[in-house]
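Read through the structure below, which is laid out as structure tokens, and then see the notes.
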């Protein structure tokens, strides 16, 4: 008898044509190990989990009535939230601490476009309010519809914040005195 079992990088799979006792059902073809405790357990995303992570790092933050988290790093504001129909999307939004005059909009848009072309994340963009004040923002959205382990949530939050801070630091170097020439 020919053994139709195959192993690919540690994943045990059987040949689909094997109808013998070695392949009783499709569900038996792939064995999965699902952790039941520790940092690897997948849990639904929630604003409470975001807040718990920040508390564990002993960081100061505020929350609104929806549970969204507001935090500052070196004067740059961040909003961390779970949004979407089932609150399954993790959003890390950052705002550069500098408000620029409208005359700087095009230059800041160019810098955002350069970043977006060269980097995978975060997305960077410019907003202009009704008074003509220009703000530079960052955003990282991650679909966690099927949940995330504590390690995945930590990595996603750290990545969104750290890469946003990297972008803001690049702006600080281009505009060291945080004042724009008129």
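Numbering (this note's numbering), first residue to last: 901 to 1082.
Cβ atoms here follow ideal geometry from the backbone N, Cα and C, with glycine treated the same way.
Residue nearest to residue 1035 within the set 1008, 990, 1057 and 975 is 1008 (criterion: CA-CA distance). In this structure, 1049 is the residue among 1018, 1076, 969 and 1049 with its C-alpha nearest to the C-alpha of residue 945. Within the same chain, and ignoring the five residues on either side of residue 960 in sequence, the residues whose Cβ sits closer than 8 Å to its Cβ are 971. Three or more beta-carbon pairs separated by less than 8 Å are not found between the stretch 1018–1025 and the stretch 974–981, which leaves the two stretches without contact. Of the candidates 1054, 1015 and 1006, the residue whose Cα lies closest to the Cα of residue 1028 is 1006. The beta carbon of residue 1075 sits closer than 6 Å to no other beta carbon from its chain once the five residues preceding and following it are set aside. The beta carbon of residue 973 sits closer than 7 Å to the beta carbons of 1061 and 1065 from its chain, once the five residues preceding and following it are set aside; these are given in chain order.
Classified as buried, residue 982 has 16 or more neighbouring CB atoms from the shown chains inside 10 Å of its CB. By the criterion of a C-beta distance shorter than 8 Å, residue 963 is surrounded in its chain by 947, 951, 969 and 970, once the five residues flanking it on both sides are discounted.
A direct Cα-Cα distance of roughly 33 Å separates residue 958 from residue 1033.
For the 8 Å CB-CB criterion, residue 1045 and residue 988 form a contact.
By the neighbour-count definition (other C-beta atoms within 10 Å, threshold 16), residue 992 is a buried residue. Residues 947 and 981 of the same chain have their beta carbon placed closer than 8 Å to that of residue 966, with the five preceding and five following residues left out of the count. Within the same chain, 976, 977, 1035 and 1037 come within 7 Å of residue 995 by CB-CB distance, once the 5 residues on both sides are set aside. Residue 1031 and residue 1016 have their C-alpha atoms some 27 Å from each other.
Between residue 990 and residue 1071, the gap from beta carbon to beta carbon reaches 8 Å or more.
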